[in-house]
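A quick write-up on the structure given underneath.
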Amino acid sequence: MTTCTCAYHDQLIEIRRKLHTFPEEGWSEFTTTAFLIGKLREYGYEVLTGTKVINPENCLGRSQKVVEAGIEAARKNGVSEELLNEMEGYTGCVGVLDTGRPGPTLAVRFDIDCVPVEESKDESHIPAKEGFASTRPGLMHACGHDAHMSTGLAVAHWFADNKGELCGKLKILFQPAEEGVRGAAGMAASGIVDDADYFLGAHIAMMCKSGELSVNPYGFLCTTKLDVSFTGRPAHAGVEPNAGRNAMAAACNAFVQLLGIARHGSGMTRVNVGQLTAGEGRNVIPSHALMKMEVRGETGEINQYMYDSAVQIIQGCALAQGCEYKIEKMGEAVDLTNDPELVDVLKQAGQAVEGLTVREDPMNFGGSEDATILARRVQAHGGKAAFFVIGADRPSGHHTARFDIDEKALDTGLKVWTNAISLILKK
Ligand SMILES: [Zn+2]
Numbered sequence: 001m002t003t004c005t006c007a008y009h010d011q012l013i014e015i016r017r018k019l020h021t022f023p024e025e026g027w028s029e030f031t032t033t034a035f036l037i038g039k040l041r042e043y044g045y046e047v048l049t050g051t052k053v054i055n056p057e058n059c060l061g062r063s064q065k066v067v068e069a070g071i072e073a074a075r076k077n078g079v080s081e082e083l084l085n086e087m088e089g090y091t092g093c094v095g096v097l098d099t100g101r102p103g104p105t106l107a108v109r110f111d112i113d114c115v116p117v118e119e120s121k122d123e124s125h126i127p128a129k130e131g132f133a134s135t136r137p138g139l140m141h142a143c144g145h146d147a148h149m150s151t152g153l154a155v156a157h158w159f160a161d162n163k164g165e166l167c168g169k170l171k172i173l174f175q176p177a178e179e180g181v182r183g184a185a186g187m188a189a190s191g192i193v194d195d196a197d198y199f200l201g202a203h204i205a206m207m208c209k210s211g212e213l214s215v216n217p218y219g220f221l222c223t224t225k226l227d228v229s230f231t232g233r234p235a236h237a238g239v240e241p242n243a244g245r246n247a248m249a250a251a252c253n254a255f256v257q258l259l260g261i262a263r264h265g266s267g268m269t270r271v272n273v274g275q276l277t278a279g280e281g282r283n284v285i286p287s288h289a290l291m292k293m294e295v296r297g298e299t300g301e302i303n304q305y306m307y308d309s310a311v312q313i314i315q316g317c318a319l320a321q322g323c324e325y326k327i328e329k330m331g332e333a334v335d336l337t338n339d340p341e342l343v344d345v346l347k348q349a350g351q352a353v354e355g356l357t358v359r360e361d362p363m364n365f366g367g368s369e370d371a372t373i374l375a376r377r378v379q380a381h382g383g384k385a386a387f388f389v390i391g392a393d394r395p396s397g398h399h400t401a402r403f404d405i406d407e408k409a410l411d412t413g414l415k416v417w418t419n420a421i422s423l424i425l426k427k
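Position 103, counted from 1, in the sequence shown is what the UniProt record's numbering calls 103; the numbers after and before it change by one each time, with no gaps.
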């Protein structure tokens, strides 16, 4: 089963390092998308982008300001107007390659956005030492999505080179805005995976070390990301404070009470208010407050409980201050159960890689992933889906300034991917 993937080693490292230098935030990845489209076309793929792969009605947490800055940066980087027009203001793309032989359709997904973290310039941090650190202040590929993209392109290249040995069709999804779990809903709603018989997604590192492969992770927390705005009425704080309606007070009361939502007895829960901005000036009764928050739960039901409790608190606190409130959904992920058929495929794919330990025991992923939305969509249409974790040693945690990955994991990951694809799309 194992085909040699050594031919793609240099490409894996080179592309990962190149993309690492130019991180782009969710929904602004125009330069990145242009690069991915170019490579996919070079390998002979039909490439879909723009509203063909993103349904604008289901875009979550997409700021027009960030989008415009991304388009501007792409122009500066020499991305053509023709390509920008093709993207229609939406990042991400899908490469499709048909072997020409009847067989299943397999959709594989790789995420492409970065994290708002300032990368370490310390000499002991390998990207800084070897000259491929982020060139963009305050932005960094600090979650490994650079590695995901280079793996995705190597998978694409390998598949194009080996399609004579395989059957069916491969769809390679490069999904924008995974951070904050915002991008998958729009991609799923475009219908791009509705014809998929199989779906696979993966993350590098997380809870797995180099040389480990987790084929059945659990604990993909369901989550809902919310922007909550409180609107009161401004008034002179000395002359007639009684005429004001204090939005900051409403937000602060809500903040404290949100942290106290009674935990659910049936599973894990989380709640966080990560940002709170309010007020206009020292002597004005604050009439605006904006709270960026999230809830999580082990199952959809528990997440719903957290969400409902949060809404109740927000309503109550707004009412107490005579304020209005608006709740806007900014991101969403669901839980996932891997289909046993694909767990078995991944197990075989991993066992065929020398020196790799296949972990079938349930390992806690511990975060949220919006690949689950695409997986759920495929499962709802009768297809099979699975998500796995390719281990990689890392000097520091995900989303931190010194995050980096052991690049040897790229070769291992590619072997697992190509073995799995060979098993699913064998002639
Ligand atoms: Zn990530």
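Backbone N, C-alpha and C define an ideal beta-carbon position, used for all residues, glycine too.
Every value quoted in this text rests on a predicted model; they were computed, and no experiment measured them.
Going by CA-CA distance only, name the one from the options that's closest to residue i.
| i | options | result |
| --- | --- | --- |
| E29 | E179, K52, C4 | E179 |
| L276 | L290, S214, D361 | L290 |
| Y218 | F388, E341, V67, A147 | F388 |
| A189 | G138, N55, V79, D122 | N55 |
| F22 | V345, M149, K171 | M149 |
| N303 | E341, S368, A249 | S368 |
| residue 429 | R75, V117, R101, G78 | For the chain, the structure presents residues 1 to 427; residue 429 sits outside this window and is missing. |
| L410 | H264, L213, N338 | L213 |
| G355 | T135, K415, A142, L374 | K415 |
| E301 | Q351, Q321, R282, A333 | A333 |
| D344 | H203, Y90, A386 | A386 |
| V311 | E119, F255, A156 | F255 |
| residue 429 | E46, V79, E82, C143 | The structure shown has nothing for residue 429, since the chain only spans 1 to 427. |
| D113 | N77, F132, K129, A184 | A184 |
| A177 | K209, G92, M207 | G92 |
| I390 | K292, Y198, V96, A205 | A205 |
| K329 | F35, G44, S63 | S63 |
| Y325 | G331, T231, K408 | T231 |
So is residue i buried or exposed if we call it buried at 16+ other beta carbons inside 10 Å?
| i | result |
| --- | --- |
| L319 | exposed |
| V53 | buried |
| G316 | exposed |
| L259 | exposed |
| A243 | exposed |
| R182 | buried |
| H236 | exposed |
| D335 | buried |
| D370 | buried |
| V193 | buried |
| R41 | exposed |
| G413 | buried |
| S120 | buried |
| A375 | buried |
| P362 | exposed |
| E294 | buried |
| D111 | buried |
| R101 | exposed |
Using a threshold of 7 angstroms, is the CB atom of residue i nearer than that to any non-hydrogen atom of ligand 1?
| i | result |
| --- | --- |
| H203 | yes |
| H145 | yes |
| E178 | yes |
Any idea which residues DSSP pairs residue i with across the strands?
| i | result |
| --- | --- |
| S287 | Note: S287 sits in no beta bridge, so no partner. |
| N272 | E294 |
| Y198 | L106, K384 |
| S229 | L290, K326 |
| D223 | The question names Asp, but residue 223 is Thr in the sequence shown. Per DSSP, R296, A333. |
| T277 | L290 |
| S214 | R359, V389 |
| I172 | G95, V108 |
| K427 | BP columns for K427 are empty, so no partner. |
| L166 | K426 |
| R263 | DSSP lists no partner for R263. |
| I204 | I390 |
| R182 | Beta-bridge pairing links R182 to no other residue. |
Do we get a CB-CB distance below 8 angstroms when we pair residue i with the residues of chain D?
| i | result |
| --- | --- |
| L374 | The structure shown contains no chain D; it holds only a single protein chain. |
Using 7 angstroms as the cut-off, classify the Cβ of residue i as near or not near the heavy atoms of ligand 2, replying yes or no.
| i | result |
| --- | --- |
| P241 | With respect to ligand 2, the structure offers nothing, as its ligand set consists of ligand 1. |
List in chain order: all unbroken alpha helix (DSSP H) runs of 4+ residues lying wholly within the region 337-418.
340-351, 371-380
Restricting to runs no shorter than 4 residues, where is the alpha helix (DSSP H) found entirely within the region 96-163?
126-129, 145-162
Pick out the complete alpha helix (DSSP H) segments inside the region 7-93, 4 residues or longer, and give them in chain order.
9-21, 30-42, 64-76, 81-87
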